[in-house]
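For reference, the structure discussed in these notes is given below.
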Amino acid sequence: MNSRLLKIVFVVTCLLLYATKLYSWPLDPQAWISPWYTYTTINKAVNFNARSGSYDPDNGYPHCCGTGITNYHWIWPDAAQDPTPSKENPDECCSGLASCHFHATGVYDLHVIVTDDEGATNWDWARVYVVKVNIDGGGYVVLNDDDDNNSGYPDKDESGPITGENDLVPIYLSVDPPDAPGSVILRALSGGEKIKVWYEQTKQTQVTLPATWAPSRGVPSTLWVEGFAISSSLNDIELEFSYKYYTSQPAVDSDTIQFTVYSTEVPIIVELEDPKVNEVRSGLDEDSLCFWLNDERIPNSELTLEHTYEQVDGEQVLAKLKVTYIPPRAKLIIPGTNEVAASIADKVFNLMEPVVTTFDMP
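Numbering-wise, the working numbering puts 267 at position 135 of the sequence shown, and it's gapless, one number per residue.
This is the structure we're talking about:
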């Protein structure tokens, strides 16, 4: 064998020995947290798993303390509350599982460092989006059947812009963080056919429910609710504002408000009765009737009267008078307390004590 061939054999042998030595060197462990990204809300438990994906190439997947990965060291963000393992004792050797919750909205990163039985380490990280949504408003909204723009049609049957429109009520939306990934949804859980939602108070652009916005592209902070049909019961309209990252999964966080649509055609009823004097009625004097709403005298011609008569000495006298008045919206204090007063005299001109009552309009 010539010297050149001997050199080639020597070189190949050295390379083989070197490769064998390299392969036999211990390899670093591999760390892996699941899930990498989590979307949650305030004070809701979040769970992490570093066991299923982490492994030691020298010994395979860990089973418990001993060979393979022997320690998981968790590094928590300051906002993490009640973490397991704790911030004071962040090491544990077997489960590779951890949990915590967050007391404030924001974006937080946490880390895990894995150590194998030969002291080698590796790390991985996970990100948590803590998101909170709010919807404020609700209560009462009036049926929008007046004619603010003098068009001859009820405002609820028109689209805008409507000059002078003043019957819509605002609702307020917010999402924190304002640039959270995913989407927010406004929808009617019940009674959606009794209202309409608009971007502007003047009814220019309607919001079709359910409506979806991407926070990163902007969410309207104020929308306007219009009463379109009268409620059949109190709070029978419910709106939900929710946040989702995966549209096919349940909402991460949600908030609701309720509405009642009412009509201002509220009948005001006052019943007047002729008092007996010495157990005898003289009868009411209808011409002396006076009726006030919020200190404004209402003409008797606008009142609906229901008469009840009794026989007194062979003569019919007016014993009771039921007064009904349906005020136009302009005469009502909305919202606020309205006062009604009525007085009448009897036939012998004994002026009765005025009847005074109040009622609230939402």
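Ideal Cβ placement from N, Cα and C applies to all residues, glycine included.
Please read all numbers here as calculations on a predicted model, not as lab measurements.
Practice task
In angstroms with no decimal places, state the Cα-to-Cα distance between S156 and D249.
Solution key: Confidence is the limiting factor: at S156 the pLDDT is only 48, short of 50, which leaves the residue's position unreliable, though a coordinate-based value still follows. Using only the alpha carbons, I get a separation of about 16 Å.
Exercise for the section: Name the two residues that bound the continuous beta strand (DSSP E) containing T337. Expected result: Run containing T337: none; DSSP gives neither H nor E here.
Problem - Residues near T464 by beta carbon distance below 7 Å, same chain, minus five either side - result: Sequence inspection shows Leu at residue 464; the Thr mentioned does not correspond to that position. Answer for L464: T396, N470, M493, listed in chain order.
Handout entry: CA nearest to the CA of L404, picked from G415, V398, Y394
Key = Per the Cα distances, G415.
Practice task
Could you spell out where the beta strand (DSSP E) holding W375 opens and where it closes?
Solution key: With the sequence shown as reference, residue 375 is identified as Tyr, and Trp is not the correct amino acid for it. 369-376 is the extent of the beta strand (DSSP E) around Y375.
Exercise for the section: Using three-state DSSP, classify R413 as helix, strand or coil. Expected result: DSSP places R413 in the coil class of the three-state scheme, outside both helix and strand.
Problem - For Y261, the first and last residue of its enclosing beta strand (DSSP E) - result: 253-262
Handout entry: DSSP bridge partner residues for F360 (one or two, in chain order)
Key = Paired residue(s): none; F360 is not in a bridge.
Problem - Endpoints, beta strand (DSSP E) assigned at A451 - result: 447-457
Handout entry: CA-to-CA distance, S364 to Y285, given in whole angstroms
Key = 24 Å
Handout entry: contact_flag[the segment 353-368, the segment 293-309] where n(CB pairs < 8 Å) is 3 or more
Key = yes
Handout entry: Proximity to G269 [Cα-Cα], best of T388, E442, N426
Key = Residue nearest to G269 within the set T388, E442, N426 is T388 (criterion: CA-CA distance).
Handout entry: Continuous beta strand (DSSP E) stretch holding A346: start and end
Key = No beta strand (DSSP E) contains A346, which DSSP labels as neither H nor E.
Handout entry: DSSP three-state assignment for M484, whether helix, strand or coil
Key = coil
Practice task
Report the partner residues of R319 according to the DSSP bridge assignment.
Solution key: E372
Handout entry: Per-residue burial, W168 [other beta carbons within 10 Å of its own, 16 or more giving buried]
Key = With fewer than 16 Cβ atoms within 10 Å of its Cβ, W168 is classed as exposed.
Practice task
Using a threshold of 8 Å, state whether the C-beta atoms of D278 and R461 are closer than that.
Solution key: yes
Practice task
List the endpoints of the continuous beta strand (DSSP E) containing E471.
Solution key: Segment 468-478, the beta strand (DSSP E) holding E471.
Problem - N-terminal and C-terminal residue of the beta strand (DSSP E) that H235 is part of - result: Per DSSP, H235 belongs to no beta strand (DSSP E) and is neither H nor E.
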